[in-house]
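Comments concern the structure below.
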Amino acid sequence: MDITQVILDDHAEQRRLFAALEDIGPQHPDALAAVWKRLRALLDTHAEAEERLFYPALVALGKRTRDDEEDEETEDAIHDHNEIRDAASAVEHEVVGSEAWFGALAEADEVNGDHMAEEEREGLTDFRRKVSLEERHDLAVRFLAFESSHMLGVKPVDKDPKEYVRENG
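Our numbering runs 19 ahead of the 1-based position in the sequence shown.
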């Protein structure tokens with residue numbers, strides 16, 4: 020098991036659920052609400068698991084390799100997580116299945132998609148190349164345990180990106 024693959028699997032599930040919401044359509048508001056609740060819990064729990072486990076390890080990697088790029092990637096990712104939380108919150112303020120709800124959903128999908136693509140190109144690739152499989156396995160176990168124990172979600176709280184890196188560096 021590898022933390023980078025666990026994160027990629029979560030990304031695939033997020034993409035699948037966003038696509039499912041588009042496919043369900045406005046004529047099924049109860050189904051939309053149920054799937055959105057699941058996706059929102061996944062988004063929040065995934066971000067919190069990354070912030071507690073993956074990003075501190077990425078910052079530590081930067082310290083070991085004397086590479087400030089990992090700090091910059093982490094700051095950017097924490098900023099992205101804040102944007103994702105805000106976009107997801109905007110979905111919650113609209114009537115499920117309405118045009119405004121689908122507009123807010125599309126914004127959340129776009130913000131999340133941009134974040135995932137950047138993370139997959141940069142942080143996950145760097146980590147996979149530079150960190151032993153043993154360390155990646157240990158993080159994967161802890162990550163899955165955290166997500167599983169918070170299956171119903173976590174309280175979404177924005178974080179200051181620079182302060183986050185300072186505290187976890």
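Note that the Cβ used here is the ideal one computed from N, Cα and C, for glycine as well.
Asked	Found
As assigned by DSSP and simplified to three states, the class of E153	helix
Proximity of I26 and F162 at Cβ, strictly below 9 Å	yes
Cβ pair L72, V54 closer than 9 Å	no
Through-space distance from A125 to I103, alpha-carbon basis	12 Å
6 Å Cβ shell around P45 - same chain, five flanking residues per side excluded	G116
Assigned exposure category for V150 - 16 Cβ within 10 Å defines buried	buried
Three-pair Cβ contact test at 8 Å for the segment 91-107 versus the segment 130-139	yes
I43 versus A79, R85, F121, residue with shortest Cα-Cα distance	F121
As assigned by DSSP and simplified to three states, the class of G142	helix
Burial state of A159, where buried means 16 or more other Cβ atoms lie within 10 Å	buried
Among V176, D21, I22, E186, nearest to A107 - alpha-carbon criterion	V176
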